[in-house]
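If you use numbering that gives the first Met the number 0, the sequence shown corresponds to residues 0 to 603, in order. Where a beta carbon is used, it is the ideal one built from N, C-alpha and C, also for glycine. None of these values were measured; they are calculated from a predicted model.
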Amino acid sequence: MSVTPKIISTLLAATLAATGATALAASAAKPTAAEAERFLADTEARLNKLNNEQARAAWVGSNFITDDTEAIASYFAERYLSASGEAAIGARRFNGLKLAPDAARKLMLLQQTVVFADPKEREQYATLQAALNGAYGKAKYCPKTGDCMALGEMEKVLATSRDEAKLKEMWLGWHVQAQDYKQKYTEYVALSNKGAKQMGFADTGAMWRSQYDMPPEAFSAEMERLWQQVKPLYDSLHTYTRHKLRATYGADVVPLTGPIPSHLFGNMWSQSWTNLYPILKPATEATSYDLSKVLEQRKTDARQMTQYAEGFYTSLGMQKLPQSFWERSLLTKPRDRDVVCHASAWPINEKDDVRIKMCITPTAEDFTVIHHELGHVYYFLGYTKQPFLFRNGANDGFHEAIGDTVALSITPAYLKQIGLMDQEPDVTADIPQLLQRALSKVAILPFAYSVDKWRWDVYSGKTKPADYDKRWWQLREQYMGMKRPAPGDDAKGFDAGAKYHVAADVAYARYFLADMLQFQFHRALCREAGYSGPLNRCSVYGNAKAGAKLQQLLEMGASKPWPEALKAISGEDKIDGNALLEYFAPLKTWLDQQNAALAAAEKK
């Protein structure tokens, strides 16, 4: 997963003390369209400059985590957000004017922000943001014996161990760390809501949902519609996984019905089950090919991993990455300092200073992740000629979907073409490959949906701080079919905060939408390339026609409502989960057959 810190999703602002008199005088006169255009030109120039400055400060803050860099990042974020807030308030003056479509859209985008009338609150908000991000990055679990462990070390245990007690220790050891910053998060939520209300939103969650070119209630309904569309596929995968986990850990650990303990899924948040593949793989698997082993045996380093991904994009007719990308990106974990290793892509300016921050290892998972991250980078490069306020994805789900769409083309045919596979397996290998992909793409769906569903309740006040854990696990059970490995303290607990995107306040609905959109994009690009076979076997690697279609979408940025951007690439103006179901159709049939046989065996 990635974060694109281009325009911070929740913006706050300063008082208008310095410019109040001017603003009041201006508001007395009836505004004109020409004034609105001048206002937008001045605002974009100012925000562009301040955004570049805060991006550099944020980069340093994430790559050199100290109290000093937290303060520096907070300072520059505050300056940018102060200007954003002033612009948001200034934009209100032009509401109701008949303007050119681009100008009207820019004014709308400017006002989807949190604004504070008190500069002390602005400073407090920026400080809390930096503190929460830093607390997550520095958190470590210190067992009674042995050295303290960072998150990455614990993730390795969850990925590889089959010792149930050890898995539980790692899971509990990490999740308890979030309690240390629960109070800060609670303060942050209250402050954020205050700013959202000052801009006319019911709360911050409602503001987030308003950023999808539809009313908040309509977006909530759309998310539920899409989830119900794909839920049967998730249910089949969950049932199959339950049978296999029971066989591995025993009936005392994994119940026949009801929620499954969440520490058994090979991932700290159970959002990806790819590490369970050795347990879940078909008994008749025809190939022993392991991309991770190939990469490791070839001593593939972080730069080479990134070059493989770059090669995919250039094969579509896109530009090579700028030299500055290679000079300024962080591709490996430093030995001398703490960094936030969570993979992310960064646009530092409006020209070509784009970067990756990722601790790359030679694994199949990171091979996919780096293809994904460069999707963000090529989106940045694609819309760099757009005006400042349009330099973003059509919606945040689009930004995540671009790289994932490319990753769907990491097929055996592609791996053979780039020399990482000697011989492409025959059709009997389709089920293993689809199962591996479903453990990522299908498993994450209810997690991605329910993270923000939880936050919408938190921001609306339906879920109080004392009930954070209670509500979190209600949703885990309802949507994911999972439960906590051991009882917790609901009053103190903050298991949600053990996820980066909660601590850093990054909206998560984007990943759910991205999962839907990427299959829709993939289907459209495969059709553009003239492909007519099973969707799961299509790779558009090397197809310039598909690349041109994708580039057209990238260059649009946020200049049009997202349904228009979707139509530009797919011919459709509504997100459709049927593309995902079509892709995994052979797997769904196989899973249902396996589940019937396994259920019959359980009864014997």
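- Here DSSP, grouped into helix, strand and coil, assigns residue 361 to coil.
- Going by beta carbons, residue 73 and residue 138 fall outside the 7 Å limit.
- Of all C-beta pairs linking the region 415-435 to the region 443-453, fewer than three are shorter than 8 Å, placing the two stretches out of contact.
- The three-state reading of DSSP puts residue 206 in helix, counting H, G and I together.
- The Cβ neighbour count for residue 142, taken over all protein chains shown within 10 Å, is under 16; the residue is labelled exposed.
- Residue 386 is not a Cβ neighbour of residue 52, given a cutoff of 7 Å.
- By the Cβ test, the region 186-196 is not in contact with the region 403-412, since fewer than three Cβ pairs between them sit closer than 8 Å.
- For the pair residue 210 and residue 111, the Cα-to-Cα distance works out to about 7 Å.
- Just so you know, the alpha carbons of residue 347 and residue 56 end up roughly 10 Å apart.
- Taken atom to atom, the span from the alpha-carbon of residue 226 to that of residue 437 is near 15 Å.
- Residue 564 is positioned such that its CB atom lies closer than 7 Å to that of residue 393.
- The three-state secondary structure of residue 231, taken from DSSP, is helix.
- Ranked by how close their Cα comes to the Cα of residue 510, the residues 115, 395 and 200 have 395 in first place.
- When only Cα atoms are considered, residue 86 and residue 109 end up about 7 Å apart.
- In the three-state reduction of the DSSP assignment, residue 271 falls in the coil class.
- Going by DSSP, residue 73 is part of the alpha helix (DSSP H) stretching over 66-91.
- Look at residue 441 here: in three-state DSSP terms it is coil, with no helix or strand label.
- By a beta-carbon distance limit of 8 Å, residue 114 contacts residue 88. Their separation comes to about 6 Å.
- Only residues of its own chain outside the window of five on either side were considered, and among them 453, 456 and 462 have a CB closer than 7 Å to the CB of residue 470, listed in chain order.
- DSSP, read as helix, strand or coil, puts residue 412 in helix.
- A direct Cα-Cα distance of roughly 8 Å separates residue 512 from residue 400.
- Beta-bridge partners of residue 140 (DSSP): 148.
- Restricting attention to 274, 341, 374 and 296, the CA atom closest to the CA of residue 319 is found in 374.
- Around the beta carbon of residue 340, a 10 Å sphere encloses 16 or more other beta carbons of the protein chains shown; the residue is thus reported as buried.
- When DSSP states are grouped into helix, strand and coil, residue 482 belongs to the strand group.
- In the structure shown, residue 344 adopts extended strand secondary structure according to DSSP, grouped into three states.
- Closest by C-alpha distance to residue 129, out of 487, 486, 523 and 502, is 502.
- In the structure shown, residue 369 falls within a helical segment according to DSSP collapsed to helix, strand and coil.
- One thing to note: residue 260 has its Cβ no nearer than 7 Å to the Cβ of residue 533.
- Between residue 102 and the set 82, 40, 64 and 131, the nearest pair of CA atoms involves 40.
- In the structure shown, the three-state DSSP call for residue 574 is coil.
- Counting only runs that start and end inside the region 471-543, the alpha helix (DSSP H) elements of at least 4 residues fall at 499-502 and 508-527.
- Contact annotation: residue 344 and residue 355 have beta-carbon atoms nearer than 7 Å.
- DSSP places residue 354 in no alpha helix (DSSP H) but in the uninterrupted beta strand (DSSP E) bounded by 353-356.
- The region 256-323 is shown to contain whole alpha helix (DSSP H) runs of 4 or more residues at 276-279, 290-296 and 301-314, in chain order.
- With a cutoff of 7 Å on beta-carbon distance, residue 535 and residue 582 are scored as near each other.
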